[in-house]
Amino acid sequence: MKLHLGCGPKFIEGWKHYDALEFPHVDIVGPVDHLQLEDCSAEIIYASHVLEHFSRHKCVDVLKEWYRVLKPEGILRLAVPNFEEVCKIYTNSSSADKIEVIKGLVCGGQKDEYDYHGNIFDYLSLESALKSAGFKTVRSWNWQETEHSHLDDYSQAYLPHMDKQSGNLMSLNVEGLK
């Protein structure tokens with residue numbers, strides 16, 4: 686099974702969709718930190734801009750839950766806001782409203798009860814959390830090289846918005862291998 690966690694309105698053909706909110710394509714409605722799935726039942730889990738919605742105190746527990754559901758040699762593919770890039774954008778901007786540009790990346794969109802961020806990540810902190818959860822290998826992944834590259838989600842978040850040619854990728858895309 687290929688599992689798309691926290692999918693929201695985004696649909697990937699051939700994947701099982703799991704979200705806390707109801708959408709027509711969602712297969713399982715429920716909390717993504719307590720999956721209603723058997724151990725070792727997924728070959729890949731994709732969670733784009735989901736992990737940062739959990740507190741820094743709960744992050745490793747959430748990763749352990751996702752690890753539980755993965756088959757041996759399974760892949761957890763994560764995308765989270767890249768705090769290092771957020772800092773660069775903020776620091777290098779001379780705009781009077783520069784904080785508004787990065788506020789959603791740091792605080793979440795705040796459109797519903799789940800759309801708030803409780804954690805920030807750079808590569809080293811995410812790698813550490815993944816290894817603490819049991820993942821043996823951690824590596825970056827390129828959104829252009831996935832079977833879901835056609836899906837315009839936050840793994841492809843650039844500033845300036847949608848400038849995928851010369852903008853800054855604001856998403857930290859990291860995989861953990863079980």
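In this note's numbering, the protein residues as written are 686 to 863. Glycine included, every Cβ here is placed at the ideal spot set by N, Cα and C. Note that the structure is a prediction, hence the values are computed from the model and not measured.
Roughly how many angstroms separate the alpha carbons of residue i and residue j, rounded to a whole number?
i	j	result
residue 767	residue 709	30 angstroms
residue 720	residue 785	34 angstroms
residue 739	residue 839	17 angstroms
residue 815	residue 850	30 angstroms
Please classify residue i as buried or exposed, where buried requires at least 16 neighbouring CB atoms within 10 angstroms.
i	result
residue 777	exposed
residue 827	exposed
residue 695	buried
residue 725	exposed
residue 718	buried
residue 744	buried
residue 752	buried
Once the 5 residues before and after residue i are set aside, which same chain residues still bring their CB inside 6 angstroms of it?
i	result
residue 687	700, 729
residue 804	737, 741, 744
residue 842	855, 856
residue 712	701, 702
Nearest by alpha-carbon distance to residue i: which of the options is it?
i	options	result
residue 861	692, 759, 698	759
residue 732	751, 739, 690, 712	690
residue 823	765, 713, 863	863
residue 698	792, 832, 857	832
residue 765	818, 811, 821, 746	811
residue 769	836, 819, 791, 711	791
Compute the minimum distance between the beta carbon of residue i and the heavy atoms of the ligand PLP, and state whether it is under 8 angstroms.
i	result
residue 715	As presented, the structure is devoid of all ligands, the ligand PLP included, so that no description of it is given.
Sorted by chain position, which residues of the same chain lie with C-beta nearer than 7 angstroms to residue i's C-beta, five sequence neighbours on each side aside?
i	result
residue 795	801
residue 722	754
Please check the pair residue i and residue j, which I expect to be a contact at CB under 8 angstroms, by giving their CB distance rounded to whole angstroms.
i	j	result
residue 748	residue 755	With a Cβ gap of about 10 angstroms, residue 748 and residue 755 do not count as contacting.
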